[in-house]
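Residue numbers for the sequence shown follow this note's numbering, beginning at 1 and rising by one.
Ideal Cβ placement from N, Cα and C applies to all residues, glycine included.
Keep in mind it's a predicted model, so treat the numbers as computed, not measured.
First comes the structure, then the notes that go with it.
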Amino acid sequence: MRPYTALTIAGSDSGGGAGIQADIKTMEEWQVYGMSVLTSLTAQNTMGVREVHHVPVPFLTAQLKSIEEDLPVDAIKTGMISSKEAARTVGEWIGARRKPYVCDPVMVTASGHPLMEEETREALSEYLFPHADVVTPNIPEAETLLRMTIKTEADMEEAAGLFVEKLGSRGALIKGGHLDGEAVDVLYDGEIMRTYREARIKTDNTHGTGCTYASAIAANLARGRTLPVAVEKAKHFITEAIRHSFDLGSGSGPTNHWAGRRGEVK
Numbered sequence: 001m002r003p004y005t006a007l008t009i010a011g012s013d014s015g016g017g018a019g020i021q022a023d024i025k026t027m028e029e030w031q032v033y034g035m036s037v038l039t040s041l042t043a044q045n046t047m048g049v050r051e052v053h054h055v056p057v058p059f060l061t062a063q064l065k066s067i068e069e070d071l072p073v074d075a076i077k078t079g080m081i082s083s084k085e086a087a088r089t090v091g092e093w094i095g096a097r098r099k100p101y102v103c104d105p106v107m108v109t110a111s112g113h114p115l116m117e118e119e120t121r122e123a124l125s126e127y128l129f130p131h132a133d134v135v136t137p138n139i140p141e142a143e144t145l146l147r148m149t150i151k152t153e154a155d156m157e158e159a160a161g162l163f164v165e166k167l168g169s170r171g172a173l174i175k176g177g178h179l180d181g182e183a184v185d186v187l188y189d190g191e192i193m194r195t196y197r198e199a200r201i202k203t204d205n206t207h208g209t210g211c212t213y214a215s216a217i218a219a220n221l222a223r224g225r226t227l228p229v230a231v232e233k234a235k236h237f238i239t240e241a242i243r244h245s246f247d248l249g250s251g252s253g254p255t256n257h258w259a260g261r262r263g264e265v266k
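And the structure:
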């Protein structure tokens with residue numbers, strides 16, 4: 001039996017709520033075999049990041065080569081990218097693979113710790129976005145990358161269009177969790193603008209939501225689903241993960257990656 005597979009290229013979260021830990025937990029929930037390439041190591045918990053150690057680019061390259069020489073990859077997800085050179089290395093590798101690719105432009109942790117320098121943000125646009133089937137920024141990330149203000153659903157639609165038309169991605173999902181009201185996300189796939197709505201869950205336990213959401217999309221793409229369907233299923237998945245999130249730690253607690261087992265979400 002050959003399972004579906006997905007590769008996450010991202011940082012490690014010692015607290016287990018975000019990064020590759022959240023990615024692999026999510027992929028496994030969708031019955032997709034998760035693999036990982038580490039870009040950075042973080043010493044963090046629900047209260048914040050204490051220290052970050054970036055993986056040297058030669059070792060990043062060695063990890064990518066170890067995957068390509070032995071293991072099949074059905075979909076790729078990237079998260080925390082440590083430097084311009086890391087972005088170039090990862091982008092060139094992904095560009096040669098031509099597999100479904102979800103780019104989560106992780107810039108700041110849920111606790112507010114910055115994870116990316118300006119030079120690296122620019123490198124995302126140059127080396128990663130052109131290969132991405134979908135980029136999944138939240139509103140602050142989209143505002144930073146596009147240098148615009150997003151206050152309304154119409155602004156979200158404009159931003160989604162700009163990621164495709166200006167920054168070169170094939171699709172963009174603008175996540176509206178930072179706005180008031182319903183939890184509304186906007187997807188533009190280069191042709192059609194779609195809106196996804198779920199009830200907003202009032203909780204402080206949102207650590208790792210972006211990683212989990214993007215990985216759920218990647219897992220569904222690995223299973224052969226279209227991007228709109230993958231986003232629909234992932235949106236419901238992350239909503240339930242937040243609804244049944246864990247009261248762990250003294251800060252922003254993690255989402256519940258097995259919340260879907262409480263009911264049918266697949």
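(message) Here's the rule I'm using: 16 or more other beta-carbon atoms within 10 Å means buried, otherwise exposed. How should residue 80 be labelled?
(response) By the neighbour-count rule (16 or more Cβ atoms within 10 Å), residue 80 is buried.
(request) Taking residue 269 as the reference, give the member of 243, 195 and 134 with the closest Cα. (result) Nothing about residue 269 can be reported from this structure: the residues present for the chain run from 1 to 266 only.
(request) Kindly indicate the opening and closing residues of the beta strand (DSSP E) around residue 261. (result) Looking at the DSSP string, residue 261 is not in any beta strand (DSSP E), and its letter there is neither H nor E.
(request) Enumerate, from N- to C-terminal direction, the unbroken beta strand (DSSP E) stretches of 3 or more residues contained entirely within the segment 77-103. (result) For the segment 77-103, whole beta strand (DSSP E) runs of length 3 or above, ordered along the chain, are 101-103.
(request) Note down the Cα distance separating residue 241 from residue 66, rounded to an integer number of angstroms. (result) One alpha carbon belongs to residue 241, the other to residue 66, and they sit about 32 Å apart.
(request) Please report the residue range of the alpha helix (DSSP H) in which residue 220 lies. (result) Run containing residue 220: 209-222, per the alpha helix (DSSP H) assignment.
(request) For residue 67, name the three-state secondary structure that DSSP assigns. (result) Three-state result, residue 67: helix.
(request) Could you say which of 121, 132 and 126 lies nearest to residue 143 if we only look at CA atoms? (result) Residue 121 is the option with its Cα nearest to residue 143.
(request) Taking 9 Å as the cut-off, decide whether the C-beta atoms of residue 40 and residue 15 are in contact. (result) No, these two residues do not count as a Cβ contact at 9 Å.
(request) Have a look at 117, 5, 261 and 34 and flag the residue whose alpha-carbon is nearest the alpha-carbon of residue 83. (result) Looking only at 117, 5, 261 and 34, the smallest Cα-Cα distance to residue 83 is reached by 117.
(message) Along the chain, where does the beta strand (DSSP E) containing residue 198 start, and where does it finish?
(response) Run containing residue 198: 193-198, per the beta strand (DSSP E) assignment.
(request) Give me the Cα-Cα distance between residue 198 and residue 230, rounded to the nearest whole angstrom. (result) When rounded, the distance between both Cα atoms is 15 Å.
(message) Beta-carbon within less than 6 Å of residue 93's beta-carbon, same chain only, minus the 5 sequence neighbours each way: which residues are those?
(response) Sequence-distant Cβ neighbours of residue 93 in its own chain, meaning closer than 6 Å and more than five residues away, are 64.
(message) Could you give the first and the last residue of the continuous beta strand (DSSP E) run that contains residue 174?
(response) Its beta strand (DSSP E) spans residues 172-175.
(message) Considering only DSSP beta bridges, list what residue 51 is partnered with.
(response) Answer is 43, bridged to residue 51.
(request) Using three-state DSSP, classify residue 27 as helix, strand or coil. (result) Of the three classes helix, strand and coil, the one that applies to residue 27 here is helix, per DSSP.
(message) For the structure I just gave you, are there three or more beta carbon pairs, one from the segment 129-149 and one from the segment 162-171, closer than 8 Å?
(response) Touching, yes.
(message) Cutting at 6 Å between CB atoms, please list the residues of its own chain near residue 225, excluding the five before and the five after it.
(response) Around residue 225, the same chain offers no residue with a beta carbon nearer than 6 Å, after the five sequence neighbours per side are excluded.
(request) Just the C-alpha distance for residue 152 and residue 174, rounded to the nearest angstrom, thanks. (result) Distance between the alpha carbons of residue 152 and residue 174: 12 Å.
(request) Could you tell me whether the segment 45-58 touches the segment 18-26, where touching means 3 or more Cβ pairs closer than 8 Å? (result) For the pair of segments examined, the segment 45-58 was found not to touch the segment 18-26: the number of CB pairs separated by less than 8 Å stays below three.
(message) Once the 5 residues before and after residue 95 are set aside, which same chain residues still bring their CB inside 6 Å of it?
(response) The answer, listed in chain order, is 131.
(request) Count the other CB atoms, across all protein chains shown, that sit within 10 Å of the CB of residue 70; report buried if there are 16 or more and exposed otherwise. (result) So residue 70 ends up on the exposed side.
(request) Alpha carbon to alpha carbon, how far is residue 87 from residue 107? Give it in angstroms, no decimals. (result) Looking at the two C-alpha atoms, the distance is approximately 14 Å.
(request) Can you say whether residue 267 is buried or exposed, counting buried as having 16 or more other CB atoms within 10 angstroms of its CB? (result) One cannot answer for residue 267 here, as it falls past the ends of the chain, which runs 1 to 266.
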